[in-house]
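Take the sequence shown: its letters are residues -20 to -1, 1 to 243, numbered as in mature numbering (1 follows the signal peptide of the UniProt record, and there is no 0).
Have a look at the structure below, then the notes.
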Amino acid sequence: MKKVLTGIAALILSASSISAKVKTEIVEYKQGDTVLEGFLAYPEGKEKKAPGIVLVHDWFGLGENTKARAKQLASLGYVAFAADIYGKGVRPKSNEEAAKIAGSFRQGGDRKLLRDRTQAALDALKSRPQVDPENLAILGYCFGGTAALELARSGAPLKGTISFHGGLSTPKPEESVAIRGKVLALHGADDPFVKPEEVAAFQEEMRKAKIDWQFISYGGAVHSFTIKEAGNDNSKGAAYNEKADLRSWIELKNFLKEIFPSL
């Protein structure tokens, strides 16, 4: 345990020590007539265009956890855009409200609205002068993991797609043949909300589509294992897990180095 705490402390210290080199902006953008409000983080003073990464929030909407992750990625040299899928000012205040709003985006045989909102975030990121539009990726947490995978299945020009404790199912698994980059799914081995049969179906979906994919399970971890606000009671089905948080962050960094070797 001591080694894990030391590793996480070092990760936090590393991010904070170079925070002065990271610039952030609130970015208003649109999908159709809906106004959205995202959060951009990028390396300050970097002249060369950098790979761009969209981050998609959990079911509580864009909050401080996702913004902090965007800043961490910017500190590594990426341009990170934390998307707003729900709409400006739409932030659930309870699990019940979050479930209702998130559920509305998962309805429909093609999940069109979810894909459109996520695509709008990708378009907003690509339009930034700091971004290399040929080097794009997306990652998401819980609800955001589902959104990231759906955008990949739509054929978006992504070098990589990363899901942290996200939902893996889709109404049309055959559409995965359209995925154009690599896929990394980071999963809590004891997650009661993403059943073993859903995991098996996802893995078979990736095999059939001949995707370059990785699936990593973390023992003792349940849903929301990277989110401190989830608490530490595994019996609730969603809880923070320090070990899984650190290990999945390391996997993310390695994956990004693989898909963006020129950074």
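Glycine residues also receive a C-beta, built at the ideal position from the N, C-alpha and C atoms.
Burial state of residue i (16 or more Cβ within 10 Å)
i: D13; result: exposed
i: E27; result: exposed
i: Y204; result: In the sequence on display, residue 204 carries Ser and not Tyr. Buried, since its Cβ has 16 or more Cβ neighbours within 10 Å.
i: S(-7); result: Note that S(-7) has pLDDT 44, beneath the 50 cutoff, so the model's placement of it is unreliable and the number below is only indicative. The residue is exposed, with fewer than 16 neighbouring Cβ atoms inside 10 Å.
i: S168; result: According to the sequence provided, residue 168 is Gly. The question's Ser does not apply to it. Buried is the call here.
i: Q87; result: exposed
i: D64; result: buried
i: P176; result: exposed
i: N234; result: exposed
i: G211; result: exposed
i: I207; result: buried
i: S(-5); result: Here the model assigns S(-5) a pLDDT of 39, short of 50, so the residue's position is not dependable and the matter cannot be decided.
i: G135; result: exposed
i: V36; result: buried
i: N45; result: buried
i: R49; result: buried
i: R133; result: buried
i: I6; result: exposed
i: S242; result: exposed
i: S228; result: buried
i: I142; result: buried
i: A165; result: buried
i: G125; result: buried
i: A79; result: exposed
The beta strand (DSSP E) enclosing residue i, as first and last residue numbers
i: L35; result: 30 to 36
i: D225; result: Segment 222 to 239 is the alpha helix (DSSP H) holding D225; no beta strand (DSSP E) there.
i: N115; result: 111 to 121
i: V15; result: 14 to 23
Cβ-Cβ distance between residue i and residue j below 7 Å
i: V202; j: D171; result: yes
i: E184; j: S149; result: no
i: F144; j: Y121; result: yes
i: V34; j: A101; result: yes
i: K47; j: F19; result: yes
i: Y22; j: L16; result: no
i: L131; j: R95; result: yes
i: I196; j: E231; result: yes
i: F240; j: N115; result: yes
i: G217; j: F173; result: yes
Opening and closing residue of the alpha helix (DSSP H) in which residue i lies
i: S107; result: That residue, S107, is in no alpha helix (DSSP H); it is neither H nor E in DSSP.
i: E5; result: Unbroken run through E5 is the beta strand (DSSP E), 2 to 11; no alpha helix (DSSP H).
i: F144; result: No alpha helix (DSSP H) holds F144; the beta strand (DSSP E) holding it covers 140 to 144.
i: Q194; result: Segment 193 to 198 is the beta strand (DSSP E) holding Q194; no alpha helix (DSSP H) there.
i: V179; result: 176 to 189
Distance cut-off 6 Å: residue i Cβ against heavy atoms of the ligand GTP
i: H203; result: Looking at this structure, you won't find the ligand GTP or any other ligand, since it has none at all.
Rounded Cβ spacing between residue i and residue j (contact assumed at less than 8 Å)
i: T98; j: A127; result: 5 Å
i: G161; j: G146; result: Not really, about 16 Å apart at Cβ, beyond 8 Å.
i: A117; j: S156; result: The Cβ separation is near 17 Å, so there is no contact.
i: P151; j: R91; result: 7 Å
i: Y66; j: I81; result: 6 Å
Check whether the segment 105 to 115 and the segment 38 to 57 are in contact - that is, three or more C-beta pairs closer than 8 Å. no
Can you confirm whether the segment 50 to 60 touches the segment 30 to 37 when touching is taken to mean that 3 or more C-beta pairs between the two stretches lie within less than 8 Å? yes
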